[in-house]
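A.B. asks: In my numbering, the protein residues as written are 69 to 425.
Pasting in a structure now, in structure tokens, and then I'll have a few things to ask.
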């Protein structure tokens with residue numbers, strides 16, 4: 069199976085520069101997720117790889133050959149769409165077999181491949197049913213089955229789970245990850261859902277306005293974001309951003325409270341005196357009055373989720389969210405003492421939004 073290289077990919081729609089100077093190398097067998105908000109260029113980039121959109125500049129190399137000028141059918145790429153794209157007048161068997169028949173695959177091989185895919189995706193009992201007789205999750209499995217019966221070099225997924233409810237999405241994420249492990253093929257997956265990106269990817273590529281904002285392992289982006297955009301996009305609930313000042317070894321919060329920072333910064337981080345944006349995730353807090361790095365804040369709202377609760381606090385005019393023990397309830401709406409794991413937090417330049425390293 070060949071590697072994939074995107075070399076300075078650009079895509080214009082008239083004067084709109086939708087994809088800007090994209091360089092990506094994907095080794096064989098990697099699971100890469102392109103993530104970002106609507107309009108960031110992720111689906112456009114995927115369609116360019118598939119050949120459904122022409123690139124305006126650059127090159128796409130799969131293995132040792134350029135595929136940028138090839139028709140989609142000649143690229144040996146399989147794609148799963150958000151809309152499933154099933155033929156309503158064909159049953160499950162024929163939907164899965166459609167691409168194989170179009171390539172004049174022998175019937176014995178079609179039978180073998182369809183049975184293999186249906187068993188792998190646990191849809192063997194539905195082969196005689198029609199799409200209208202299937203649930204959303206079953207339809208998506210059929211769409212995936214139609215893709216994997218081809219011996220494709222590359223598999224593309226364009227928001228395949230966005231039409232499913234939350235419970236089905238959880239199950240399908242697990243199935244797609246298992247499928248990748250079993251096939252050993254290269255997957256490129258597009259989503260706007262950062263939870264999908266974090267749970268599925270071996271490498272995340274986060275896009276904004278057609279450009280790569282940051283790329284790397286999910287945990288690396290989560291713990292060491294390059295800027296406030298990346299930090300705010302990844303994580304649920306999102307990271308809190310607090311305007312603070314640092315003088316000497318002391319951090320001053322918006323309401324005047326101070327926290328000592330000596331010896332407690334992320335490894336390699338050096339802060340000069342000045343004003344910063346302090347990035348603190350809800351899980352960086354604990355409901356405790358022990359330790360040197362504590363703050364007091366007014367608890368306004370509790371959101372119980374079962375195993376834990378999330379509290380919204382107010383510091384002067386700044387609101388922040390903290391993860392709390394499940395037993396903390398509305399009766400605790402008062403001033404609460406929180407301990408903060410300062411070494412896990414991130415400081416950003418207040419003007420540029422870039423992380424302080």
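Ideal Cβ positions, reconstructed from N, Cα and C, are used throughout, including at glycine.
For clarity, every value in this text was computed on a predicted model and none was experimentally measured.
(1) When the Cβ atoms of the stretch 112-124 are set against those of the stretch 133-141, are three or more pairs found closer than 8 Å?
(2) How many angstroms separate the CA atom of residue 408 from the CA atom of residue 253?
(3) What runs of the alpha helix (DSSP H), each 4 residues or longer, lie entirely inside the stretch 191-235?
(4) Hey, residue 216 and residue 249: beta-carbon distance below 9 Å or not?
(5) Which of the three DSSP states is assigned to residue 329 in this structure?
(6) Provide the residue span of the alpha helix (DSSP H) that contains residue 267, from first to last.
(7) Among 346, 232 and 234, which one has its Cα closest to the Cα of residue 388?
(8) Report all residues from its chain with a CB closer than 8 Å to the CB of residue 328; omit the five preceding and five following residues, and keep chain order.
(9) Hey, quick one: how far does the beta strand (DSSP E) through residue 275 stretch, first residue to last?
(10) Compute the distance between the beta-carbons of residue 364 and residue 413, then report whether it is under 9 Å.
(11) What first and last residue would you give for the alpha helix (DSSP H) that runs through residue 161?
(12) Going by C-alpha to C-alpha distance, which of 261, 247, 166 and 92 sits closest to residue 130?
(13) Within a Cβ cutoff of 6 Å, which residues of the same chain sit near residue 255, ignoring the five residues on either side of it in sequence?
(14) Tell me the rounded alpha-carbon separation between residue 281 and residue 196.
(15) Residue range of the alpha helix (DSSP H) that residue 107 falls in?
(16) Apart from the five residues just before and just after residue 290, which ones in its own chain have a Cβ nearer than 8 Å to its Cβ?
C.D. replies: On the basis of the supplied data:
(1) Because the criterion of three Cβ pairs below 8 Å is met, the stretch 112-124 and the stretch 133-141 touch.
(2) Whole-angstrom Cα-Cα distance: 42 Å.
(3) Counting only runs of 4 or more, we get 204-216.
(4) With contacts defined by Cβ atoms closer than 9 Å, residue 216 and residue 249 do not form a contacting pair.
(5) In the structure shown, residue 329 falls within a coil segment according to DSSP collapsed to helix, strand and coil.
(6) Boundaries of the alpha helix (DSSP H) harbouring residue 267: 262-268, taken from the DSSP string.
(7) Of the listed residues, the one whose Cα sits closest to residue 388 is 346.
(8) Excluding residues up to 5 positions away in sequence, 317, 318, 319, 360 and 361 lie with their Cβ nearer than 8 Å to the Cβ of residue 328 in the same chain.
(9) 271-276 is the span of the beta strand (DSSP E), which, as asked, contains residue 275.
(10) The answer is no: Cβ separation not under 9 Å.
(11) Unbroken alpha helix (DSSP H) run through residue 161: 160-170.
(12) Considering only 261, 247, 166 and 92, the residue with the shortest C-alpha distance to residue 130 is 92.
(13) Non-local C-beta neighbours of residue 255 in its own chain, meaning closer than 6 Å and more than five positions away in sequence, comprise 99, 223 and 248, ordered along the chain.
(14) Between the C-alpha atoms of residue 281 and residue 196 there is a straight-line separation of about 46 Å.
(15) The continuous stretches of alpha helix (DSSP H) do not include residue 107, and DSSP gives it neither H nor E.
(16) 266, 302 and 303.
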